[in-house]
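In the UniProt record's numbering, the protein residues as written are 1 to 948.
Just so it is clear, CB atoms sit at the ideal spot from N, CA and C, and this is done for glycine as well.
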Amino acid sequence: MPRKQQADCILLFTFLGLSGLVGAVTRTYHIGIVEEYWNYVPQGKNVITGRSFAEDKHYTDETYSTEIPKPPWLGFLGPILRAEVGDVIVIHLKNFASRPYSLHPHGVFYNKDSEGALYPDGTSGRNKDDDMVPPGKNYTYIWPVREEYAPAPADANCLTWVYHSHIDAPKDICSGLIGPLLVCKEGTRTDVDREFVIMFTLVDENQSWYLDENIRYFCTDPDSVDKEDAVFQRSNKMHALNGYLFGNFPEPEMCVGESVSWHLFGMGNEIDIHSIYFYGNTFISRGHRTDVVNLFPATFLTTEMIAQNPGKWMITCQVSDHLQAGMLGQYNVGNCKSDVFHPKMKGQRRRYFIAAEKILWDYGPQGYNKFSGLPLNASGSESELYFTQGDNRIGGKYWKAKYVEYIDETFTRRKRLSEAEAHLGILGPVIKAEVGDTLLVTFANKADKVYSILPHGVKGIDKEFYLLFTVFDENLSRYLDENIQKLTWRPFSVDKEDKEFVKSNRMHAINGYMYGNQPGLTMCKKDRVSWHLIGMGTDTDMHGVYFQGNTIHLRGTHRDSLALFPHVSTTAFMQPGGAGIFRVLCSTLHHFERGMSQIYEVSSCGNRDPSEQPYGMIRTFYIAAEEVEWDYAPNKNWEFEKQPLDAGGERHGDIFMNHTENWIGSQYKKVVYREYTNGEFVEIKARPPREEHLALLGPMIHAEVGDSVLIVFMNKAKRPYSISAQGVEEADRGKGLQVPVTKPGEIKTYRWNVPKRSGPGPSDPNCIPWVYYSTVNFVKDTYSGLMGPLITCREGVLNEKGRRSDVDYEFVLLFLVFNENESWYLDDNIKKYLNKDPRDFKPSDDFEESNKMHGTWLLHCHVSDHIHAGMETTYTVLRNIEEPGKEQLYFFGKNLGPRGAKAALVILFIIGFLLLIITVILSFSLCLAKKRVAYQEVQSCALPTDAL
1 MPRKQQADCI LLFTFLGLSG LVGAVTRTYH IGIVEEYWNY VPQGKNVITG
51 RSFAEDKHYT DETYSTEIPK PPWLGFLGPI LRAEVGDVIV IHLKNFASRP
101 YSLHPHGVFY NKDSEGALYP DGTSGRNKDD DMVPPGKNYT YIWPVREEYA
151 PAPADANCLT WVYHSHIDAP KDICSGLIGP LLVCKEGTRT DVDREFVIMF
201 TLVDENQSWY LDENIRYFCT DPDSVDKEDA VFQRSNKMHA LNGYLFGNFP
251 EPEMCVGESV SWHLFGMGNE IDIHSIYFYG NTFISRGHRT DVVNLFPATF
301 LTTEMIAQNP GKWMITCQVS DHLQAGMLGQ YNVGNCKSDV FHPKMKGQRR
351 RYFIAAEKIL WDYGPQGYNK FSGLPLNASG SESELYFTQG DNRIGGKYWK
401 AKYVEYIDET FTRRKRLSEA EAHLGILGPV IKAEVGDTLL VTFANKADKV
451 YSILPHGVKG IDKEFYLLFT VFDENLSRYL DENIQKLTWR PFSVDKEDKE
501 FVKSNRMHAI NGYMYGNQPG LTMCKKDRVS WHLIGMGTDT DMHGVYFQGN
551 TIHLRGTHRD SLALFPHVST TAFMQPGGAG IFRVLCSTLH HFERGMSQIY
601 EVSSCGNRDP SEQPYGMIRT FYIAAEEVEW DYAPNKNWEF EKQPLDAGGE
651 RHGDIFMNHT ENWIGSQYKK VVYREYTNGE FVEIKARPPR EEHLALLGPM
701 IHAEVGDSVL IVFMNKAKRP YSISAQGVEE ADRGKGLQVP VTKPGEIKTY
751 RWNVPKRSGP GPSDPNCIPW VYYSTVNFVK DTYSGLMGPL ITCREGVLNE
801 KGRRSDVDYE FVLLFLVFNE NESWYLDDNI KKYLNKDPRD FKPSDDFEES
851 NKMHGTWLLH CHVSDHIHAG METTYTVLRN IEEPGKEQLY FFGKNLGPRG
901 AKAALVILFI IGFLLLIITV ILSFSLCLAK KRVAYQEVQS CALPTDAL
């Protein structure tokens with residue numbers, strides 16, 4: 001082969017290797033926003049035929065004349081946008097609608113000119129043009145998919161994200177403008193046979209931009225419609241899968257044995273808490289096998305299923321009222337492959353005989369509150385509402401149905417509960433099996449109504465406990481009328497719609513017990529304890545399960561609390577370190593207040609307590625509780641810029657921000673934790689700039705495993721408070737339930753030890769967060785403002801100043817609706833800001849709503865009501881000009897890490913070397929060519945030899 005051809009081949013292969021390194025593709029989409037009518041129930045009868053909607057549609061090119069069809073199950077969602085790591089997504093958006101919209105992505109990088117979100121960010125010109133696209137106009141968004149947005153090694157090969165309009169995100173999304181965005185690892189996807197995308201959300205048509213148009217078009221008497229009417233508003237809340245209700249969702253099709261990727265996400269409101277159940281098959285989510293996953297608003301999940309069970313199966317949200325409102329669809333698994341392997345079951349056949357029986361259940365069998373010592377029906381107590389029997393009150397006993405286990409199929413002899421099963425309460429018997437076993441359940445209905453039994457699909461454990469957290473809404477019980485007839489004193493006087501009667505029948509229970517009445521939660525110190533936690537109920541059944549006094553181990557992490565959704569179960573491991581009496585409770589504040597709290601007891605059982613552990617360092621903090629005037633919105637320009645006036649001349653945030661004769665406004669008297677320089681409590685310790693974001697929160701307390709934290713606490717407020725921390729060992733608590741109380745003007749010392757169980761677990765980062773707060777009255781103290789962060793770290797992470805050495809910045813964020821109606825200072829605030837006597841003041845519904853402050857710092861909550869109530873703000877990322885050598889290297893638009901940068905430099909060196917060789921060869925060839933030309937010229941002009 002000639003040298004020139006050899007050099008060209010080498011250069012070609014080098015560039016092919018370089019293109020393999022870069023692998024970037026520009027993926028161009030032409031998206032049009034179109035208004036049309038959407039039918040939530042296309043196969044239904046006697047339903048409204050449609051709703052006006054805005055929808056993202058996919059077109060072939062910039063003419064927007066030919067639409068690219070999408071699969072029917074995608075519903076009103078926009079087209080699926082796909083990209084691999086290293087690609088660049090280019091969106092040409094044209095707005096065919098009648099009002100401005102935008103396009104904002106989750107999960108990819110964007111510059112300010114491609115953010116597509118309208119808010120007061122201080123930008124102008126090109127960086128502001130992307131915020132809204134007016135009707136009839138175009139805009140191009142550019143989103144590079146950088147390495148830092150790639151699926152992690154433990155992730156699925158493609159991650160689920162979304163894009164949506166973000167001028168007023170809640171209203172834009174409720175109007176229909178949202179779609180899926182899939183970000184994948186490099187390379188063509190061959191690991192799954194099918195992919196499906198489902199959005200679970202309550203589409204609130206009351207928030208749609210097209211509400212007035214829908215009223216005019218679909219209501220027979222538009223002028224009579226009251227948009228504030230509760231029944232009308234409820235009729236416009238559509239519990240949908242991709243915009244379909246009541247089984248109208250077009251069925252995704254798959255074959256037995258095929259691998260299926262389900263891309264699931266939730267959007268919407270504070271009641272958009274969904275427990276998604278796939279009947280008939282299981283799947284892998286976050287590395288764990290399950291058949292139920294839970295979704296919050298703006299939660300995105302990718303799950304992997306191998307379809308094994310043929311048939312037509314339901315997909316439902318198991319939250320009770322969502323299911324009743326139509327949030328269900330179906331998927332179809334067909335026998336369309338002949339080579340599917342079906343393994344035989346080689347385990348045992350385990351038989352259970354279970355009956356459903358009617359019983360009279362007592363939510364408080366011991367008759368008193370185990371925490372306060374008061375009778376459950378004591379006047380003025382928290383439990384009085386639920387346990388007082390009267391003319392129109394049922395009390396604490398109700399007729400119910402329960403699963404009961406029997407010895408054999410004759411169902412004549414009940415199986416006696418063991419001591420270890422005494423805690424089960426209202427729960428049925430525990431059914432256990434190992435992988436490969438077959439369960440045979442013989443079910444007998446011995447109750448008086450129709451029932452069934454449906455299943456959801458440990459060695460080295462000393463104790464196992466099963467706890468069901470749910471609000472038993474006896475108003476929905478099939479035995480409500482019988483309970484009224486048999487258990488109230490004057491049944492005919494009962495109004496089943498009366499608010500107080502309805503409230504009295506909502507029993508906040510653990511296994512059917514309230515206020516510490518649950519028996520059997522006993523264990524020994526150092527026992528290996530397995531807690532099986534189950535959630536059931538409606539969208540209000542979002543439980544924060546908290547174990548006082550000990551930590552739990554969950555998937556490689558250490559914590560003392562976990563979130564529990566309806567129809568979701570989880571198992572946590574505990575090894576209690578010390579004897580004592582502790583609480584297990586739901587820390588959702590109104591659930592805790594209404595009785596969802598029990599006692600578990602740890603005994604020494606002959607295990608002596610070791611002598612006090614020597615701690616590596618004692619870290620001392622001087623903290624005071626002091627009353628302040630707090631302004632939730634000292635600068636109201638955000639509200640004025642972000643939230644435009646509606647047709648009535650009002651903003652969503654007015655009720656929270658405006659000070660009127662009936663609204664307090666944004667300023668409230670509160671109590672906060674503040675750090676002082678020493679025990680004299682004269683000089684407040686100044687917060688450095690990096691901690692100014694803590695705002696209302698107390699100081700950030702850091703400690704390492706093996707340390708002891710000493711809190712010198714002074715109460716500068718006018719009522720008693722305390723300071724107690726989760727996750728650590730509180731030396732001053734002893735073996736009791738109560739934390740020592742500090743009276744006004746007193747100083748007390750609290751000591752928190754940090755044993756190994758309080759530090760990070762194997763799968764945790766170097767430091768993990770806990771919280772400290774006052775426990776005199778957990779609910780009122782919290783809403784009054786007493787909270788702060790405690791950070792525990794691995795040994796060696798903190799520097800000599802007690803700050804982290806492994807990160808440059810550290811932020812603490814608390815997302816909480818501060819219910820000022822529950823604050824100790826409500827009367828003070830009414831007196832000061834409304835200039836009214838609290839004893840004579842009668843609060844209205846609007847007044848109580850105005851006192852629910854949706855406060856946060858730095859970021860943006862994606863729950864619709866919380867956004868409109870102000871739970872969002874900006875954060876700023878500054879260019880790093882202090883540390884040279886940390887610049888990012890981009891190569892053909894791709895962000896290269898250290899290894900990629902080295903590879904790129906090697907290839908560039910090879911290219912340069914080859915170019916040098918080629919240059920030398922070409923130069924040498926050029927010289928030879930010139931010499932040949934010169935020689936030919938000399939020969940052409942030379943004299944003939946015979947002429948010499």
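Tell me, which residues are paired with residue i by DSSP?
i, result
"Ser569", "Ile534"
"Met254", "Val333"
"His92", "His30, Thr140"
"Met714", "Ala624, Ile747"
"Ala703", "Thr792"
"Ala686", "Looking at the DSSP assignment, Ala686 forms no beta bridge with any residue, so it has no partner."
Quick one: what's got a C-beta closer than 6 Å to residue i's C-beta in the same chain, skipping five residues either side?
i, result
"Pro576", "Lys525, Asn550, Val602"
"Asn475", "Val502, Asn505"
"Asp113", "Arg126, Asn127, Asp130"
"His553", "Phe573"
"Ala703", "Arg619, Val709, Val754, Thr792"
For residue i, collect the residues of the same chain with a Cβ closer than 7 Å to its Cβ; drop the 5 residues on either side in sequence, then sort them by chain order.
i, result
"Tyr773", "Ser724, Asp781, Thr782, Leu786, Met787"
"Ala154", "Gly287"
"Lys756", "Val705"
"Gly50", "Any reading at Gly50 is ruled out, since the residue's pLDDT is 49, under 50, leaving its predicted position unreliable."
"Asp462", "Asp527, Arg528, Val529"
Could you give the distance in angstroms between the alpha-carbon of residue i and the alpha-carbon of residue j?
i, j, result
"Asp808", "Tyr600", "41 Å"
"Tyr875", "Phe582", "Caution applies to Tyr875, whose pLDDT of 47 falls short of 50 and renders its modelled position unreliable; the value that the coordinates give is listed next. So the alpha carbons of these two residues sit roughly 40 Å apart."
"Tyr403", "Tyr451", "10 Å"
"Val162", "Phe565", "23 Å"
"Leu928", "Val906", "33 Å"
"Lys743", "Trp262", "56 Å"
"Arg146", "Phe109", "7 Å"
"Leu487", "Gly395", "8 Å"
"Pro429", "Glu357", "13 Å"
"Glu848", "Met657", "14 Å"
"Lys397", "Ser381", "18 Å"
"Ala579", "Ser604", "6 Å"
"Lys237", "Leu202", "6 Å"
With distances taken Cα to Cα, identify the nearest neighbour of residue i among the options.
i, options, result
"Lys446", "Leu439, Tyr406, His423, Glu419", "Tyr406"
"Thr775", "Thr26, Ala695, Arg803, Val741", "Val741"
"Val754", "Ile747, Lys748, Glu795, Val739", "Glu795"
"Phe265", "Pro72, Gly287, His239, Ala298", "Ala298"
"Glu384", "Leu295, Phe283, Glu593", "Glu593"
"Thr438", "Gln389, Arg351, Ile394", "Arg351"
"Gln308", "Leu813, Ile354, Val260, Asp764", "Val260"
"Ala624", "Arg719, Met542, Pro689, Glu661", "Arg719"
"Pro134", "Gln667, Leu118, Gly122", "Leu118"
"Thr303", "Gly268, Asp191, Thr412", "Asp191"
Cβ of residue i within 8 Å of Cβ of residue j?
i, j, result
"Tyr515", "Lys415", "no"
"Phe841", "Ile830", "yes"
"Glu84", "Cys184", "yes"
"Asn214", "Glu205", "yes"
"Val766", "Asp707", "The sequence shown places Asn at residue 766, not Val. No; because the gap between Cβ atoms is not below 8 Å, this pair is not in contact."
"Val529", "Cys586", "no"
"Gly512", "Gly595", "no"
"Ser763", "Gly556", "yes"
"Gly761", "His532", "no"
"Ser285", "Asn392", "no"
"Val88", "Ser275", "no"
Leaving aside the five residues before and after residue i along the sequence, list all residues of the same chain whose C-beta is less than 8 Å from its C-beta, in chain order.
i, result
"Leu241", "Gly75, Ile198, Met199, Phe200, Phe249, Ile315, Met327, Leu328, Gly329"
"Glu820", "Ile664, Tyr668, Tyr783, Leu826, Asn829, Asn851, Lys852, Met853"
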